[in-house]
Structure formats: C-alpha cells, structure tokens
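Below: one structure, written as structure tokens.
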Amino acid sequence: MYENLNSMQREAVFQTEGPVLILAGAGSGKTRVLTHRTAYLIEEKGVNPYNIMAITFTNKAAGEMRERIDEQVGYGAESIWVSTFHSTCVRILRRHIDRLGFDNNFTIYDSDDQKTLMKDICKRLEIDTKIYKEKTFLNAISSAKDELLDPITFALQATGDYTKQKQATVYREYQDALKRNNALDFDDLIFKTVELLKTDGEVLDYYQERFRYIMVDEYQDTNTAQFELIRLLASKYKNLCVVGDDDQSIYKFRGANIYNILNFEKHFPEARVIKLEQNYRSTQTILDAANGVIKNNQGRKEKALWTENPQGEKIDFQQFETAYEEADYIARDIQKKVQSGDYTYKDCAVLYRTNAQSRLLEERFVVSNIPYKIVGGVNFYARKEIKDLLCYLKTIDNARDDLAVRRIINVPKRGIGATTLARVQEYANQEDISFYNALRAADEITTLGKAAAKIRPFVLFIQTMRSKVEYLSVQELLEEVIEQTGYVKELEAEDTEESKARMENIDELISKTAAYQEKCEEEGTPATLSGFLEEVALIADIDSLDENQDYVVLMTLHSAKGLEFPQVYLSGMEDGLFPSYMSIVSDDSVAELEEERRLAYVGITRAKQLLTITCAKQRMIRGETQYSKVSRFVREIPRELLTGAVRQEKVKKMPQQETYMQAKKTFSAKPFAMPKLGKDLPKAGSVEELGYGEGDRVKHIKFGEGTVKGIVSGGRDFEVTVDFDKVGTKKMFASFAKLKKI
DNA sequence: AAGACCGAGCTTTTT
DNA sequence: GCTCGGTCTT
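Here the working numbering is used: the first residue of the first sequence is 37, the next is one more, and so on.
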C-alpha cells in the first residue's frame, strides 16, 4: 500500500509524531500523502480514528478528502473529523457558545447581512457614509478579527488616529448588534472559537484530548486567527501536520498570513520539514513555464519542482485585437478538441482574473452551444428570492435575528412601511426587547394606530409555523411558507423571464431541503431546521462543481486553486488586468505583484496536458475601452515554450445581440444542465426520434399526463413545453423528461 | 406606502 | 455597461 509512494511522500506518511511541515509543490500528490498518512495512523500506529482531525478551506476539498479517506481506511473512517475551518468552528460553538453568553442556536450572517447591519449602525451613529464607507468599516473589522483584535484592543491601538477611533466605535457597536441579534459573522466563527478555547480550560482540554492528530491542508492560506486555533488545539500533543505551498499563497487580501508557513519552524522548533518536489500532474513544458514565472519572486522557500512526465506540447499563445475574438477563439478551440473526440467538455477550464470577464465568454459559449458552468459571481444563496425564503425560515428558527425579520416583514407586500417599522423599533429599544418581540406586542404600541392590524396576521403566521417546527420536515416547512405567503404565486403572476428564473431557483431550494433530509438519514443524524440553515450558510459556489457532469468550467484563478484540468485556458493575460492595475500602482506594488505572480503560477500549474494563453489588445472594462500590452507574466515564460506568437486575426462577426438573447432565453436559468455521464446521452437527432410531437398527449413520471404545446430545438437537445393537467405548463429538456406518448 | 426614475460607483480576488 | 440605492411622485 505504501510502495507506490515516492521516498519523500513515504517519509511524510511515516512521520506521524510531532509537528511536521510538508511543503507540497503543485501537483505533487499531497492529498495522497494525507490520506495514506491517515490510514497509516490507524492501521500501523493503532490511533483511534476518533482522535484524528483534517481541516481544509472549502467544503469541496473536505468532501474529496473524506471520500478518499473512506476508500483508503475501511473501518472507522466515519469517525475521523474532516471538515472546513468554518464548519469545525460552528460545530464547536453550537455546543459551547453559551459559555460566552450567546444562545447555542445563533445565526450566521453572510456579507449581505453584514452590510445591512452596518448601514443600520452608521445611521444610528449619524456617520456620513459618503465620507466613511460601510464597506471600509467592514473591511477594517474583518481584518481586526483575522488578527484577533477585539474592539477594546482595537480602540487602544487607535489612539491619535481619528479614522481608526471611529472604526473602533463602529466595531464595538457592530459586535453589540450582532450579540443582540444572536448572530455571528464569518470571521466571528473563528474568532469566537479561539476566544472560547482561550477562556475556558475545560472546553480546551476536551478538544485537545479529542484531536490528538491534526492535519491542515492549504496551510499557506491560514490567517492569524486560524493559526491560533490550530496552535491551541495542537499544543498538548503537538501532533500537527500542515501541508502547503508558499508559492500558492493567494489570499493575502483575506488576511492570509504567509508567515504562518514561512516561519513554521520558528513556531515549532522541533518541526520536521519535508519537501514534495516531484510533480505528477503536468508536462515538462507546463512546469518549465510555471518555474520561469515563479522564480521572479523573492523570499520564497527554495523548491525545485521536477517531473518524469513527457515534454508535451508547447503552450499555445494567442494575442487578439479584441476580447470578442479572444472569446471566440477559445470557444472554437474547445469545440474543435471535443469534436475530434480526444477530449470532453469537462476536460476544459477557462480561467480569468476577474469575474466580469465571464460574460463575454458566456455569450460565445451560448452561441456555440457549448455546455458550461460558471463558478463564482452571485452565490445561489445570495439571490433575492432564496434569501427571502431563508429569512422566513431563520425567523421561525431564531426570533432574535432582527435582520431576518425586517427583511421579510413586508415581502410579499403587506402594507407595512418604513414609518411603521421605525415605530416598532422605537418601542423595541424602549422596552429593550427584540424587534420580533415588539411586533408580537404590536397592540401595546400606541403610536401604531391602524398599522397594528397589518402586523397581527404576520405574527400569527410565524407563531403557527413555530409550533410546527417539531413535527414538519424542513421541506414541508419551506413549502408551507411558500404556500402561505403566496411568494411563488406572485412570481407566477409576474410572468417574466426573470420571475421564471426565480421560480426555478426556488424549486432548486426545495430540492436542497430534500437532499439535506436524505443526507441526514444516511448519516443517521437528525434533520433539523437549524441544521439546514447552518449548512446553507457555509456553502461556497465552488462546492457545487460536479466532476460527473460534462461541461466546460469557467472561473477565476482564485477559485481554480486545488483543481486540475487536461486543457486550461488562461484568458485576459494583459498588463493592467492581470497583473491588475491596482497591484501595479499600489504603494506596496512589489509585494502585490508577487501575490499576482503566485496567482499566475497557480493558473499555469492547473494544466495537465495543454495550456493555452490568450489576451486581447483592446477590451471593454467598466464601459470604457482599454488598450493593453501582453502581461509581464507571459514575458517571463521562456520564449521557446510558446507557439502562436502574436497573431493578427481578421475581426470576426460580432454575435448578433438578438441571436444571443434568443439562445439564452431557450436555456434560461440553468443553461445546459447535462445528464450524468454513464447514462446514455441522447443525441440531438431529429424531432421524429422523440416519438411525440406538438399536440400529442404525453405522460411524465412526476407531473402526470399533459399535452405537448411546443418543441424547440436547442441544438444538442429539444426543449419541450407541456401543459400538464395537474401542475400546469412546464418547460423541460427532452433528454431529461423521458416523456412517453399515450 | 408603492412604484418610477436617476445617479453613483463599481471590478481584484472570497471562506 | 450594469447594478444598486436613494429620492421623487402618486
């Protein structure tokens, strides 16, 4: 079992005791090392799986590690604690945060909620948000928490600096408000856990005993608070194994402290350092390119990545006149590769520096009928309709979250306006009760007058729902909220493309509640409303990537970290875009350019077989045409590795706006969701092959019987509109629907 | 209280 | 170029 590891990997696996730093270059098989190490601990060292913890940054990474550990470890794998920093902390806090004066059923605020709360506070403190931006405050608070500065310490450090003093005041107010709402923001999850472990010896002892062997993935991305958390937990047994690559540290803006990895041996003098330098992922050419770029950075740990893989193809470098041509080239190139039969869509990934770049690519992909998935941008759970419904559930779950209540009290419209809200709030402050409790006492608020009558049904509704929490499933609760509020009915009445998309999202949310139920039953854990809300709060977009589906993935370089693809396109490689203009003109431009360079390194090393680098001479940014030179990072790649050179393409016809909109409409909310591989993919073929036509009566497995109203060819599949007798008109893809003529 | 209209700011990256 | 938020009107 350990024979197919190389000597360094084996060393990392066998070094189980004491602090270990594994410097794992890109593609050097670190996940393999971690999983083998876990197996070794259990099977050879007799360690109880219950005493092992593995921490990652994303749910996806945690899920993958879980899967591979399960494969590797057979018995007892399920009691190993594998999870992200954030969910680890939530699990700890749910049990013990009452010791810090919070309720154990606290809610978690996302960035949207934070902003709303901050606006509130600025208003209350009469801060002119034209001069002092909410966002700046939130950033300051976030960095403070990353550095474990509480409001008092922060204030002490602010003496003599007016802006900082102001931030200190806001910080204190912000924390007070969170506590009143029984809520924590993302950063608090870590901060409060550290606080808990530091102040409560009993809890600390419990978790130190439990986590005798700790492993941390992507260690270069940890911030000070996360480091402290790990340090506290590991300080008793000192069996701490961290894996990382300083060359892939790209989250400085999020507080990641690169010195956690650079100074690991200082923090743990007895630490063993093991370097994994053999790359199993990429061709020699790709590796040479990556090394050519990263060697321009100073102050990195000395590493020499090498591979036994073949030289491989040269890097395809293309410069275009415009960003349209660039997008067009990428789309055609992918189509060409797929049609040749050598690759599938899911072998390809397009990476870019900023999310805004995805639009042009998306347009081109829609026109070319290429199935794709965009990772990032607006998170599913940040969409308005989803947040609204979740806030209903949150209100039912935790009455102290004022924010959630205020969001939904007039959605859908109940004729409760700003004035009424202000009066209720005033009463709440006066009586020192929560906003919701003030609503419950609406009849006592003399200033309300007739408005009290509008509040009563809302309160009654929430109270009734609360009494049902015990015996209804999450799905049933959600469906009842939708039914009782008429939320979907209102969208139905709107009958626009947008409202349809929203309804689809709501359906998606319902299936997520069902999936949650299923998951809990599988794991044998109780499915609760709080549990669902919590899971939902900690989901990132990248977690939804599904390797089994055949689509091209589009995402930012940041999101791509930890992933690999046979075919990688690095688009928009222009000075000013990547490296970003901000990093070039910054006061600290040397450091910021190094961070950008690491990002380039991450991008290049995602590729297994072929790397394509593209850029455009002109592109629209923020409604303005920008003219840019080829990125300096491209020039750092040894010339002989590149083909294509600077190329002059004739301007291709721009996509007709109408064609695009039409195409996009056909596939509205969920473009090109594809059936799982393995099942036979129905070919587009002809309409006849469907076995039914317009006007025919058909049967659907879930919706029952109905009449076919229309069939539209979507290129690779047909979109069929059916008017069902029971559930009304639905649009669906023929390959999914499996409609039967009757 | 609800809807229409207009201007500001944004785009570097996110658990 | 687009989105969000604020203000004005009914």
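Just so you know, even glycine gets a beta-carbon here, dropped at the ideal spot from N, CA and C. Keep in mind the model is a prediction, meaning the values are calculated, not measured.
Residue from Ile128, Ile491 and Leu77 with nearest C-alpha to Glu231: Ile128
C-alpha distance - Lys766 paired with Thr757, whole-angstrom precision: 6 Å
Residue environment, Gly714, which counts as buried when at least 16 other CB atoms sit within 10 Å: Confidence at Gly714 is low in this model, with a pLDDT of 28, below 50, so its placement is unreliable and the value that follows should be read with caution. So Gly714 counts as exposed.
Contact check, Ala643 vs Glu610, beta carbons under 8 Å: no
Element boundaries [alpha helix (DSSP H), containing Glu755]: First-last for Glu755: Phe754 to Phe760, but that is the beta strand (DSSP E), not the alpha helix (DSSP H).
Which of helix, strand or coil DSSP assigns to Ile297: helix
Three CB pairs or more closer than 8 Å across the segment 308-315 and the segment 46-58: yes
Buried or exposed (CB count within 10 angstroms, at least 16 for buried), Lys719: Its pLDDT being 36, under 50, Lys719 is placed unreliably in this model, and the coordinates cannot settle the point.
Whole-Å CB distance - Glu570 paired with Ile144, under 8 Å assumed: 7 Å
Contacts around Gly731, its chain only, beta-carbon distance under 8 Å, and the 5 residues preceding and following it disregarded: Thr743 and Val744
Beta-bridge partners of Val252, as assigned by DSSP: Answer by DSSP bridge pairing, in chain order: Ile91 and Val278.
Helix, strand or coil at Thr52 [DSSP, three-state]: Looking at Thr52 - three-state DSSP - the assignment turns out to be coil, as it is neither helix nor strand.
First and last residue of the uninterrupted beta strand (DSSP E) at Thr564: Thr564 -> no beta strand (DSSP E), and no H or E assigned at all.
Separation of Gln645 from Phe568, as counted between CA atoms: 40 Å
8 Å contact criterion, which Met101 and Val118 should meet: CB distance rounded: Between Met101 and Val118 the beta-carbon gap is near 5 Å, inside 8 Å, which marks them as a contact.
Status (buried if at least 16 other CB within 10 Å, exposed otherwise) for Val83: buried
Spatial neighbours of Asn40 in its chain, beta-carbon cut-off 7 Å, leaving aside the 5 residues before and after: none
Buried/exposed call for Val588, threshold 16 Cβ in 10 Å: So Val588 counts as buried.
Alpha-carbon spacing of Ile226 relative to Leu265, whole angstroms: 8 Å
Which of helix, strand or coil DSSP assigns to Ile747: strand
Cβ-based burial, Gln375 [other Cβ within 10 Å; buried from 16]: exposed
Start and end residues, alpha helix (DSSP H) containing Ser119: From DSSP, Ser119 is part of no alpha helix (DSSP H) but of the beta strand (DSSP E) over Trp117 to Thr120.
Those residues which DSSP pairs with Gln645 across a bridge: Paired residue(s): none; Gln645 is not in a bridge.
Residue of Leu590, Phe190 and Leu276 minimising C-alpha distance to Gln203: The residue with the shortest Cα to Cα distance from Gln203 is Phe190.
Nearest-angstrom beta carbon gap, Leu677 and Lys735 [assumed within contact, 8 Å]: About 58 Å separates the two Cβ atoms, so there is no contact after all.
Beta-carbon proximity list for Asn332, same chain, < 8 Å, skipping 5 on both sides: Arg633 and Glu672
Sequence-distant residues of its chain with Cβ nearer than 6 Å to Arg443 (five each side left out): Beyond the five residues adjoining it in sequence on each side, Arg443 comes within less than 6 Å, by CB distance, of Cys427 in the same chain, given in chain order.
Alpha carbon of Ile747 to alpha carbon of Asp759, nearest angstrom: The C-alpha of Ile747 lies about 12 Å from the C-alpha of Asp759.
Euclidean distance between Cα positions of Thr532 and Tyr523: 15 Å
Close beta carbons around Asp257, own chain, < 7 Å, minus the five adjacent residues each side: These residues qualify, in order along the chain: Phe93, Ser285, Tyr287 and Ala292.
Terminal residues of the beta strand (DSSP E) in which Pro187 lies: It is not in any beta strand (DSSP E) - Pro187 instead sits in the alpha helix (DSSP H) that spans Pro187 to Leu192.
In DSSP terms, what Leu678 is bridged to: Ile351
Cutoff 6 Å; reference Asp378; Cβ partners in own chain excluding five residues on either side: So no residue of the chain qualifies.
Reduced DSSP secondary structure (H/G/I, E/B, other) of Arg317: In the structure shown, Arg317 sits in coil (DSSP, three-state: anything other than H, G, I, E or B).
Cutoff 8 Å; reference Ala705; Cβ partners in own chain excluding five residues on either side: Caution is warranted here: a pLDDT of 30 is assigned to Ala705, below 50, making its placement in the model unreliable, and the coordinate value is therefore given only provisionally. Result list for Ala705: Lys536, Ala537, Glu540 and Asn541, in chain order.
6 Å Cβ shell around Arg160 - same chain, five flanking residues per side excluded: none
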